[in-house]
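Down below is the structure, laid out as structure tokens.
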Amino acid sequence: MKMLFYPGCSMQRTARPYLDSLMAIRETIGLELEEVADWNCCGATEYMSVHRVPALALVGRNLAIASRQAEGTDTLTAGCSACYLNLAKTDQQMREDPRLAAKVNDALHAGGLSYAAGSLKVRHLLDVVCNDVGYEAVQAKVVRPLHGLRLAPYYGCQVVRPDPDSRWDDREHPTAMDRLLRALGADVVDYPLKTQCCGGHMTVIGPDVAYGLIRRLVHGAATAGADAIVTLCPMCQLNLDAYQIEMNKHYGTSYAIPVLYFTQLMGLAFGKAPAELGIGKEFVPAAPALSRISDRPPAAEAAKKKRRPRAADGLPMPRMG
Amino acid sequence: MTDQPQQHQQEQGQEERIGVYVCHCGTNIAGVIDVGSVRDFAGEGLKGRGVVLSRDYTFMCSTTGQELIQKDIAEHGLTRVVVAACSPHLHEGTFRTACDRAGLNPYLCELASIREHVAWVHTDHDAATTKAKAIVSGAIERARHSVPLEAIHVPVDAATLVVGGGIAGLQAALEIADAGHEVYLVEREPSVGGHMAQFDKTFPTLDCAACILTPKMAAAGSHPHLHLHTWSEVEKVEGFVGNFTVTVRRKPRYVLEDVCTGCGICIEKCPVVVVDDAYEAGIGYRKAIYMPFPQAVPKLPVLDPDTCTYYLKGKGSCRACEKFCPTEPNSIDFNQTEQRINLRVGNIVLATGFDLFDARRIPQYGYGRLPNVFTNLELERMCNASGPTGGAITLRDGRTAPKSVGIIHCVGSRDRNYNNYCSAICCMQSLKLAHLVRERTGAEVHNFYIDLRTAFKDYDEFYQRVLDEGVHFVRGKVAEVSEVPRGPDEAEGKLYVQVEDTLIGMQRRIPVDMVVLSAGIEPRHDAKQVGQTFGIACSANGWFIEKHAKLDPISTMTEGVFLAGCAQGPKDIPASVSQGAAAAARVLMRIRQGELALEPVRASIDAERCSGCRICNALCPFNAISYDAAGGVSAINSALCQGCGTCVAACPAGAIAGSGFSNEQVLAQIEGLLLTNLEPAEALT
Amino acid sequence: MKPKFAMYWAASCGGCEIAVLNIDAKILDLDANFDVAFWPAAMDAKYKDLDAMADGSILVTLFNGSIRTAENEHLAKTLRRKSKILVAFGSCANEGCIPGLANLSSRESMLETAYGGPSTENPAQLRPQPTSQVPEGALTLPPVQPVVRTLDQVVEVDYHMPGCPPESHQIAAVVDLLVQVVQGRAELPPKGSVIGAGESTVCDECPRERNVKHLTQLRRIQELGPLDTTLCLLEQGLMCTGPATRSGCDARCPRVGAPCIGCYGVAPEALDQGARMMTAIASAIDAKEPEAIDGILDGIPDPAGTFYKFSLAHSLLRGGRAAHRETETP
Amino acid sequence: MANDFEPVIIGFTCNWCSYRAADVAGTTRLKYAPNVRLIRLMCSGRIDPTFVLKALADGADGVLITGCHPGDCHYLEQNYKALRRHRLLQRTLAQLGVEPERVHLTWASAAEGAIFAATIDRFVERVRALGPLRWPARPKPLPVAVAPELAEEALP
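Chains as they are written, first to last, in this note's numbering: chain A, 4 to 324; chain B, 5 to 689; chain C, 47 to 376; chain D, 8 to 163.
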């Protein structure tokens with residue numbers, strides 16, 4: 004399926020493995036990505052709060068050139084959470100407030116551009132992979148299942164909140180990536196911190212605060228028994244990976260949980276070489292964790308023998324699902 | 005009867021004298037619509053259409069407003085009355101009665117809905133005023149073609165159906181039965197009692213729920229006029245007020261009701277133990293054959309074929325219940341099938357109750373994932389001396405008493421992600437549980453609330469008492485309950501309640517051993533289907549809609565169907581009992597009256613015009629239309645006709661007349677609404 | 047002096063004139079009791095002779111045909127002035143009849159259908175012109191008006207006599223009545239009455255057996271096999287408009303196995319014949335799902351032409367938008 | 008033109024569902040376009056194509072027909088008759104040059120005040136986009152050329 008692709012600056016620099024792994028798997032899952040020509044910076048996280056209209060106009064330019072370029076598709080996808088959110092938010096705010104849309108378009112007119120709000124569907128890459136490509140299609144392409152690898156799915160905040168177009172099953176506890184990783188054959192651990200904050204730019208502004216947040220996320224994953232954290236956001240990856248070292252220094256700890264992109268794990272399961280997927284460029288090496296991938300599926304736990312409950316069992320847990 | 009063009013006919017008929025009354029409804033109407041302009045439009049602009057006077061008044065539905073109409077009918081000889089006010093569903097009866105009192109046939113009174121359909125839904129004053137004028141014009145033209153009608157009288161069957169055997173339904177059923185009338189009480193569960201039977205104590209007086217409920221249940225079980233149909237559901241309701249025919253499906257108990265003595269040996273001998281999701285809220289167990297609780301009424305076990313070995317492993321296996329049953333003949337009947345019975349009743353009370361909000365829907369509170377997160381109902385069962393822990397409050401391990409407990413209010417209520425409404429009972433239920441935890445474990449208790457709503461008698465006093473008992477109150481909405489410490493300074497193995505304490509203006513993380521979610525209450529999951537069965541609607545939130553939110557929270561839009569208890573909206577036990585009693589009073593009034601007056605909206609066929617084409621014959625779902633082969637014409641039985649008008653609209657010869665909504669009335673209303681009754685120069689812009 | 051009688055033929059086929067002559071010897075009663083003042087189809091007459099007559103000097107005029115041209119309108123107004131009793135005679139004058147179906151189209155497309163198109167041999171592509179120069183001088187044609195109107199949409203009408211054409215036995219009865227009125231032996235019916243017709247619908251006079259109707263198919267007659275000779279045609283799947291058509295014709299068509307097409311017009315108690323037939327058919331269809339309903343309705347390939355074959359010009363909408371648009375002032 | 012055009016729409020409602028939905032929209036103070044003027048019938052089965060044609064002929068730019076949801080009819084299944092009449096009428100109207108979108112059938116339960124309000128807003132916008140229908144007014148009562156009483160002298 005064809006769609007427009009907005010890479011954003013992170014994917015071209017610090018999150019290069021994200022882009023490389025995406026490029027490596029796109030044909031396998033039948034994604035035809037057409038890069039938006041001459042795109043500009045999305046303004047990242049803060050600019051929206053500083054100068055709203057110029058920030059919207061900045062993003063509006065990307066939407067305008069993308070909609071002009073769109074042919075045979077009305078979907079615009081981005082891998083970076085901030086890029087995705089800025090594009091989606093701008094489209095939504097222009098849709099809901101025609102006066103604001105007119106203002107943004109006034110600015111765009113100066114450059115001979117305009118954008119009709121709602122004409123593009125802005126989607127995060129994970130959303131596209133899970134809902135358009137689909138779990139079955141992904142599973143069908145798996146040649147090297149990730150058996151035995153225990154993964155903590157980490158969504159971060161921006162993709163699931165505020166979720167302007169209601170694309171996720173739950174904004175606090177989404178499960179789309181959980182299902183995707185299971186489709187790759189991996190074990191998914193219960194990771195209740197999946198949408199907690201990674202610290203964002205606090206690593207630069209107030210490192211102590213950021214270390215606390217990073218520690219909690221890494222500690223939580225370690226407690227849950229995860230071999231690796233899987234993310235969908237360049238900022239999350241950077242904070243949890245690069246600053247894990249700093250955080251360890253700060254607390255005198257020695258956590259070593261690698262942080263990978265879901266696209267890298269898809270690539271592995273599709274049988275691509277780690278180097279092609281940018282694996283090896285991370286600060287916390289992934290190799291030890293990846294060496295746990297086994298050829299055989301874990302033996303199904305012996306079916307528990309039914310017996311009459313005893314007082315020592317305690318009270319029954321609520322049934323789930 | 006005919007759909008000939010209007011203009012011709014009026015000139016032939018006698019000149020009508022129409023009085024128009026425009027209601028301000030305080031500022032409800034007058035705040036948006038220029039009432040004076042509407043009055044003048046009718047009085048001056050439509051003078052040529054028979055309007056002889058046009059007035060506006062603050063509250064037309066008041067006694068003074070009604071007297072105004074009555075006086076005008078007498079003094080001005082009005083032949084038609086048009087009241088521009090609220091929806092006819094609210095005050096049509098009021099104004100018709102006023103006309104009747106003044107000697108004008110009530111069906112010559114016409115309501116124009118300019119409140120619900122104009123003032124309340126539009127903001128542009130000019131557009132609203134224009135629309136109001138059009139609606140008044142339509143009502144005037146329609147009224148010109150109204151004819152005097154007489155109400156249809158039908159007898160009322162004195163038997164009553166009560167659906168739901170919770171406290172509200174029990175109250176209604178007992179009061180009607182005590183008055184000496186037959187009552188059929190249909191309950192879906194194996195026993196009456198409802199949610200109240202699950203509770204330990206009741207707020208604010210802390211009397212034991214069983215102690216005050218059991219006598220009522222027992223009375224219901226032994227009352228000579230009260231006929232229990234438990235483990236049964238209403239499948240179909242036919243007919244109309246005074247004469248309903250109800251089909252009840254009785255599910256198989258696999259126990260012979262008239263033989264079983266309720267001795268309980270079968271239960272004792274049954275080897276299958278399963279989690280009891282119903283009565284014990286999932287923290288206790290029951291057998292495959294079970295009585296929901298010791299005080300169940302009727303005192304009969306019910307066998308669950310989904311867990312019984314006989315059904316799971318094939319015939320011949322187990323049969324312990326049958327082997328040990330001491331009665332003669334044997335009370336166990338594995339071949340029992342469901343049965344359908346028909347009941348004839350005059351009135352119906354719906355007291356179908358509520359479902360507890362499913363706390364799993366808020367994953368950040370961890371219910372179902374974190375063992376020591378409980379619902380209020382689980383804690384309620386734990387507190388109960390006959391519950392799974394024998395009255396001890398423990399963690400999920402069944403042994404350890406908590407040293408600190410967090411109780412979260414408004415779980416699933418007042419939250420736009422789940423339910424916008426206030427569940428009304430959670431504040432008091434949370435206070436009650438806080439008190440019980442303090443009393444029984446001495447644990448530190450934190451209650452996390454948004455607002456504390458302790459209206460009603462003795463409730464706030466109870467709050468003061470709980471405060472005095474040392475319960476901590478934190479005003480803020482809990483963000484999450486997490487088992488993961490934030491930093492090395494936080495201990496492992498605790499539940500952290502993350503909350504913004506809005507009174508001190510900071511984020512707090514309060515470690516506790518146990519979290520109790522005070523879940524709100526929701527409409528029954530199948531309320532919509534049940535509503536369809538009984539012909540009543542649900543509000544956007546899913547509660548059954550009462551006839552009027554303030555003045556008639558008992559009746560519904562369907563005549564003869566009344567509401568009691570939480571089916572109508574969240575309420576506590578005293579309110580449920582009051583509403584049950586009120587519904588009983590309504591039913592008793594109907595029975596006392598003996599007959600009912602129905603709207604005379606009926607179809608009839610003009611035999612002279614009928615060609616006997618038989619197009620209409622298949623259209624009536626009430627079989628009111630028959631064909632007289634000898635005369636070659638069709639005819640309508642007005643006792644069976646329900647007045648929908650489908651045959652009127654279908655008759656190719658225009659030979660079927662529909663009283664109350666005649667072709668003349670509708671066509672004239674269209675002309676009025678489109679203002680073709682005005683000279684072009686006067687047309688509204 | 048005998049009272050004066052007139053008959054005029056506006057936009058119509060001439061069938062009504064034939065129908066009057068078809069009353070056999072009864073025509074002699076007409077002649078015996080009336081002085082035929084103006085009847086272009088039967089005898090020579092000039093407009094100037096008509097113009098010369100005093101207002102109200104004609105006792106009764108049978109006016110057939112709809113108002114299509116300015117000439118039709120002029121004659122309708124003239125005859126109204128000259129006549130004491132003006133009878134809208136036949137379907138065209140009453141309801142527009144087949145000429146009224148032109149109200150589905152614009153004038154331009156109507157002329158294109160008549161003078162162009164593959165079925166017309168018109169190599170020079172001639173079109174009627176308002177004026178044409180010939181050696182003898184200028185010839186003029188009366189302008190065609192945008193919308194076909196019925197007589198009562200142009201002038202006030204005293205009586206309505208429906209039918210395409212009115213049945214001879216009904217005409218004979220009306221002639222009888224007129225003669226009796228002239229001889230002072232009978233009263234005229236109330237003004238505005240429908241005369242020469244029944245008070246119910248065609249089914250009332252139809253001898254076919256009728257049952258509860260659950261229509262599962264509608265077909266044109268050529269699509270059906272041999273018909274049951276005693277069963278209601280609608281029940282056999284034929285689009286018979288008898289249920290919604292005024293009685294008076296003695297159910298001539300359905301009697302012989304041809305479905306009623308509606309020429310006696312709207313039923314006594316109804317306003318719009320097409321609406322009544324549509325509602326009846328749609329009500330009697332045995333289907334609930336939109337697709338199933340559409341499947342049955344597909345059996346009516348030309349609904350407007352079927353339900354309004356005779357009554358379009360006198361229906362609530364009086365025609366289609368294409369015709370009405372031409373009446374709008376730009 | 009399109010901006011100044013305020014469509015006039017006649018809406019038919021049934022007593023049990025859609026009229027009550029309109030009442031609920033009112034009691035909950037939802038706001039919607041003021042262009043629709045409602046007529047209450049007992050049931051959508053009472054809808055007669057005559058009513059729709061009358062409304063269009065008398066100047067309405069659109070007609071909204073509403074009733075209980077299929078399966079929810081207070082009179083069991085009469086709304087299906089409304090559905091069938093609507094579908095046939097649509098076909099005829101199309102031949103007459105009236106856009107079928109001008110006559111819209113929709114279902115609304117008594118609880119669906121918000122849906123009812125939104126439906127009205129959408130329908131008003133749809134009719135606004137179609138522009139005025141402006142069906143020519145019915146002929147005015149005619150001036151009588153002469154009003155001859157049946158004069159005595161005309162008779163022998």
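For every residue, glycine included, the Cβ atom is placed at its ideal position computed from N, Cα and C.
Distance cutoff 8 Å, beta carbons only. Does residue i sit that close to anything in chain A?
i	result
Arg-400/B	yes
Would you tell me roughly how many angstroms separate the C-alpha atoms of residue i and residue j, rounded to the nearest one?
i	j	result
Asn-3/B	Ala-661/B	Lying outside 5 to 689, the shown extent of chain B, residue 3/B is not represented and no answer is given.
Ala-355/B	Arg-254/C	55 Å
Arg-64/A	Leu-111/A	6 Å
Ile-139/B	Ala-160/C	47 Å
Met-205/A	Ala-213/A	5 Å
Pro-288/A	Asp-128/D	58 Å
Val-201/C	Arg-126/C	7 Å
Count the other C-beta atoms from every protein chain shown that fall within 10 angstroms of the C-beta of residue i, then say buried if there are 16 or more, exposed otherwise.
i	result
Leu-671/B	buried
Ile-595/B	buried
His-360/C	buried
Asn-627/B	exposed
Cys-215/B	exposed
Pro-727/B	No answer is possible for residue 727/B: it lies beyond the span of chain B, which begins at 5 and ends at 689.
Thr-67/B	exposed
Ile-113/C	buried
Asp-204/C	buried
So, does the CB of residue i fall closer than 8 Å to a CB anywhere in chain D?
i	result
Asp-38/B	no
Pro-164/C	no
Asp-359/B	no
Within the 8 Å Cβ cut-off, does residue i reach chain C?
i	result
Val-621/B	Looking at the sequence itself, residue 621/B is Asn, so the reference to Val does not match. Output row for Asn-621/B: interface = yes.
Ala-634/B	no
Would you say residue i faces chain B, with C-beta separation under 8 Å as the test?
i	result
Thr-80/A	no
Arg-109/D	no
His-176/A	yes
Asn-257/C	yes
Glu-315/C	yes
Arg-322/C	yes
For this session: Identify each residue in the region 464-488 of chain B for which the Cβ-Cβ distance to at least one residue of chain A is less than 8 Å, and report them in chain order.
Result: So the close ones are Glu-484, Ser-486, Glu-487 and Val-488.
Problem set entry | Where the region 61-95 of chain D meets chain B: residues whose CB sits under 9 Å from a CB there | Within the region 61-95 of chain D, the residues whose Cβ lies closer than 9 Å to any Cβ of chain B are, in chain order, Lys-61, Ala-62, Asp-65, Gly-66, Ala-67, Gly-78, Asp-79, Cys-80, His-81, Tyr-82, Leu-83, Glu-84, Gln-85, Lys-88, Ala-89 and Arg-92.
Exercise. If you measure beta-carbon to beta-carbon, which residues of the region 242-263 of chain B are closer than 8 Å to chain D?
Worked result: Taking 8 Å as the cut-off between beta carbons, none of the residues of the region 242-263 of chain B comes near chain D.
For this session: Check each residue of the region 109-138 of chain D: if its Cβ is closer than 7 Å to any Cβ of chain C, include it; give the result in chain order.
Result: The region 109-138 of chain D vs chain C, Cβ under 7 Å: nothing.
Exercise. Taking three-plus beta-carbon pairs below 8 Å as touching, is the region 267-283 of chain C in contact with the region 213-228 of chain C?
Worked result: No: fewer than three Cβ pairs fall under 8 Å.
Exercise. Do the region 298-317 of chain C and the region 344-358 of chain C make contact, defined as three or more Cβ pairs closer than 8 Å?
Worked result: In this structure the region 298-317 of chain C touches the region 344-358 of chain C; the number of beta carbon pairs closer than 8 Å is three or more.
Exercise. Counting pairs of Cβ atoms below 8 Å between the region 104-124 of chain A and the region 229-237 of chain A, do you hit three or more?
Worked result: They do not touch, by the three-pair rule.
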